[in-house]
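Number of protein chains: 2
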Amino acid sequence: MSRMARPRKPLLSRERIVATALTLADEEGLPAVSTRRLAAELGVSGPSLYNHFTTKDDILDAVADAVVAQVDLSMFNGDRDWPDALTAWSRSYRAALAAHPNIVPFLAQGPGRRPAGLRMADAVFGAMTAAGWPPAQATRIGALMRYFITGSALASFARGFVNDATTYDSVAYPHLGQAHLLAERQQSVDEGAFETGLRALVDGLALQYAATT
Amino acid sequence: MSRMARPRKPLLSRERIVATALTLADEEGLPAVSTRRLAAELGVSGPSLYNHFTTKDDILDAVADAVVAQVDLSMFNGDRDWPDALTAWSRSYRAALAAHPNIVPFLAQGPGRRPAGLRMADAVFGAMTAAGWPPAQATRIGALMRYFITGSALASFARGFVNDATTYDSVAYPHLGQAHLLAERQQSVDEGAFETGLRALVDGLALQYAATT
DNA sequence: ACCTGAACACCGTTCAAGT
DNA sequence: ACCTGAACACCGTTCAAGT
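In the order they appear, the protein sequences are chains A and B.
Everything in the first sequence is counted per this note's numbering, starting at 1 for the first residue and increasing by one.
Everything in the second sequence is counted per this note's numbering, starting at 214 for the first residue and increasing by one.
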C-alpha cells in the first residue's frame with residue numbers, strides 16, 4: 001500500500017503557534033501578541049494562523065491551557081491528607097502562573113473548561129471526595145481555591161505598582177502608611193497575603209470538614 | 214467682582230464620559246467600549262475624549278473606580294466585630310462587581326491604587342488594626358480578601374459556560390459527572406463556592422487571630 | 001478651552017487565488 | 001491542505017486647524 005510522497009511539510013503547527021505565542025507574551029507582554037505580529041514571529045503571513053485556529057481567542061485559550069498544564073497534580077495521588085495536598089497544589093498552581101504573568105489576565109477570565117483546567121478540577125474533586133467530602137462541597141472547594149489563586153496571581157503580577165507619592169495622601173487615607181505602598185514592598189505583601197490566605201482557607205475548610213463528617 | 218459670561222458650556226465632562234462608558238460596557242460588553250464608539254455614544258468625535266483623559270486606559274480606570282466606589286464600607290464603623298465586618302464587606306464588594314460584570318476583567322488587573330480602592334484598603338486596614346491585628350497582618354488581610362473576591366467575580370461573571378457535551382468526556386475526566394458542568398448549574402456553584410470560601414477564610418483568620426493575640 | 005477632520009500605524013478576519 | 005496578498009471594517013492616538 002504505497003502513497004504518494006508527502007508534499008513539503010507545513011510551515012506551521014498548533015504546537016509551534018502556541019509555543020511562539022507564549023514566548024512572545026512572556027517577553028513583550030500580551031498586547032504584543034497580535035495575529036500579525038505572531039505570524040511575523042513565525043515567518044508567515046497573518047491569515048495563515050486561521051488554518052490552525054478559528055480565532056485569536058482560540059490561540060490564547062490554547063496558550064492558557066499550556067500554562068495550566070504545568071501545574072503539578074501528583075500530590076493528589078493519595079499519599080497525603082487533603083489539607084496538605086490542597087496546600088501543595090495551590091503553591092504549584094500559583095508558581096505556574098507566576099512563570100507566565102502576562103497570560104494571567106486572559107487565563108483568569110475563562111472558567112476552567114479547557115483540557116488542563118478540567119484535568120485539574122477532576123483531580124481536586126476526586127481527591128476531596130476520596131477524603132470524605134460530599135460531592136457538592138468538593139466541587140465548591142475546587143472552584144473557591146481557583147478563585148483565590150487566580151485572583152492572587154492577577155493582582156500580584158498584572159500591573160506594576162505606581163510609585164507616586166502624591167497618590168497616597170496621608171490625609172485622605174489616614175491608616176495607610178507610605179511604607180506600606182511602596183513598589184518594592186508589593187511583592188512581599190503579595191507573597192505574605194497569599195500564604196496567609198492559603199492557610200486561612202485550608203484551616204477554615206478543616207473546621208467545616210470536622211463539622212460535617 | 215464680575216466676570217465675562219461663560220462661553221457655551223463644554224459638550225463633555227469626565228463624569229459624563231465615565232457614566233456613558235459604564236452603561237456601554239454593561240449593555241454591550243467591554244469590547245464595545247472603543248474610543249470611537251464611546252465618542253459616538255456621547256455625540257462627539259473620537260479625539261474629543263483626549264481633552265478629558267490622557268488615554269483609554271485612564272477612562273477605564275475611572276470606570277472601575279466608580280464601580281468600586283459603590284462598595285459599602287459602613288460595616289467598618291466599629292459597631293461590629295471584625296469577622297462580621299469582613300464578611301459583610303466581602304458580600305457588598307462582590308455585589309458591586311456583580312452589578313457590572315463586564316468591567317470586572319479590567320478592574321481585576323490593576324492593584325487597587327485608585328481613590329475608591331485606596332479608601333477601601335484604608336477602611337479594612339483601619340478596622341483590622343483597631344480590632345487588634347498587627348499592621349502587617351492587617352495589610353495582608355485586605356489584600357487576600359481582594360484576591361478572593363475579584364477572582365471569584367472574574368470566574369463567575371466573565372465568560373459564559375460552554376454547554377458542550379463533547380467537551381466533558383467521562384473517560385478523560387472520570388470524577389466529573391456531566392450534571393456538575395451544565396451551564397444552569399454554574400451560577401449556583403459560583404455562589405456556593407463564594408460563600409463556602411468566605412466562611413473558610415474568616416474562620417481560618419479567626420484561628421490565626423486567637424493564636425497571635 | 002474644547003472640539004473637529006485628516007492622518008498614522010496599527011488591528012482581527014474573510015476570501016479568492018495560488019501550490 | 002496550507003499559505004498568500006488584497007481587502008474590509010475596524011482600532012488608539014496625534015496634530016494642525018477651527019471656534
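Every residue gets a Cβ at the ideal spot worked out from N, C-alpha and C, and that includes glycine.
Please read these numbers as outputs of a predicted model, since none were measured by experiment.
Note to self: Just to confirm before moving on: does the CB-CB distance between A:P192 and B:R353 stay below 8 angstroms?
What the structure shows: Before going on, a small fix: residue 192 of chain A reads as Gly here, not Pro. In this structure, B:R353 lies closer than 8 angstroms to A:G192 by Cβ.
Notebook entry, point to check: Rounded to a whole number of angstroms, what is the C-alpha to C-alpha distance between A:W82 and A:M128?
Noted result: 7 angstroms
Next item on the list: Please state if the CB of A:A64 and the CB of A:I17 are separated by a distance shorter than 8 angstroms.
Entry: no
Next item on the list: Examine the Cβ distances between the region 407 to 415 of chain B and the region 328 to 335 of chain B and report whether three or more of them are shorter than 8 angstroms.
Entry: no
Margin query: In this structure, how does DSSP classify B:L224 when only helix, strand and coil are distinguished?
Written below: coil
Next item on the list: State the Cα-Cα distance for the pair B:S305 and B:V284, rounded to the nearest angstrom.
Entry: 6 angstroms
Item checked: Cβ shell of A:F157 (< 6 angstroms), same chain only, five flanking positions each side left out -> P101, V104
Margin query: Against chain B, which members of the region 144 to 156 of chain A pass a CB distance test of less than 9 angstroms?
Written below: L144, M145, R146, Y147, F148, I149, T150, G151, S152, A153, L154, A155, S156
Notebook entry, point to check: If you measure from the beta carbon of B:D278 to each beta carbon in chain A, is any gap under 8 angstroms?
Noted result: no
Note to self: Cβ closer than 9 angstroms: which chain A residues qualify as neighbours of B:Y306?
What the structure shows: Ordered by position in chain A, no residue passes the 9 angstroms Cβ test against B:Y306, which lies about 12 angstroms from the chain.
Next item on the list: Along the alpha helix (DSSP H) that carries B:A253, what are the first and last residues, could you check?
Entry: 248 to 255
Notebook entry, point to check: Exposed or buried, A:G160, counting other C-beta atoms within 10 Å across all chains shown (16 or more means buried)?
Noted result: A caution first: A:G160 carries a pLDDT of 44, below 50, which makes its placement in the model unreliable, though a value can still be read off. Flag for A:G160 reads exposed.
Checklist line | Beta-carbon proximity list for B:T379, same chain, < 7 angstroms, skipping 5 on both sides | finding: Confidence is the limiting factor: at B:T379 the pLDDT is only 45, short of 50, which leaves the residue's position unreliable and the question unanswerable from this model.
Item checked: A:V68 to B:G323 span [Cα, whole Å] -> 22 angstroms
Next item on the list: Tell me whether the beta-carbon of B:G256 lies closer than 8 angstroms to the beta-carbon of A:T150.
Entry: no
Notebook entry, point to check: Going by the CB atoms, is the gap between A:R94 and A:F194 shorter than 8 angstroms?
Noted result: yes
Check: Residues of chain A with CB under 7 angstroms from B:P260, in chain order?
Finding: What B:P260 touches in chain A: nothing, since even the nearest Cβ is about 21 angstroms away.
Check: How many whole angstroms separate the CB atoms of B:W302 and B:F319, which I take to be in contact at a CB cut-off of 8 angstroms?
Finding: Not quite, the Cβ-Cβ distance comes to about 22 angstroms (not below 8 angstroms), so this is no contact.
Check: Is it buried or exposed for B:R249, if we count other Cβ within 10 angstroms and need 16 for buried?
Finding: exposed
Next item on the list: Entirely within the region 305 to 363 of chain B and at least 4 residues each: give me those alpha helix (DSSP H) ranges in chain order.
Entry: 317 to 320, 328 to 343
Next item on the list: Below 8 angstroms CB to CB, which residues in the same chain sit around A:A206 once its five sequence neighbours on both sides are set aside?
Entry: P83
Margin query: Applying the 10 Å Cβ sphere with the 16-neighbour rule, what's the burial state of B:Q400?
Written below: exposed
Next item on the list: Taking B:D285 as the query, report the chain A residues whose CB atoms sit under 7 angstroms from its CB, ordered along the chain.
Entry: Neighbours of B:D285 on chain A: none; closest Cβ ~18 angstroms, over 7 angstroms.
Margin query: With a threshold of 8 angstroms between beta-carbons, can A:Q109 be considered close to chain B, or not?
Written below: yes
Margin query: Output needed in chain order: residues of the region 195 to 207 of chain A with a Cβ under 8 angstroms from some Cβ in chain B.
Written below: T196, G197, R199, A200, L201, V202, D203, G204, L205, L207
Next item on the list: Please name the residue in A:L97, A:A66, A:G117, A:A210 whose C-alpha comes closest to that of A:T20.
Entry: A:A66
Notebook entry, point to check: Alpha carbon to alpha carbon, what distance is there between A:L154 and B:D271?
Noted result: 19 angstroms
Margin query: 8 angstroms is my cut-off, CB to CB: does B:F266 come that close to chain A?
Written below: no
Note to self: Taking the straight line between their C-alpha atoms, what separation do you get for B:H388 and B:T409?
What the structure shows: 21 angstroms
Item checked: Beta-carbon separation (whole angstroms), A:L12 vs A:S48, contact threshold 8 angstroms -> 6 angstroms
Checklist line | Contact residues within the region 94 to 105 of chain A, judged by C-beta distance below 7 angstroms to chain B | finding: P105
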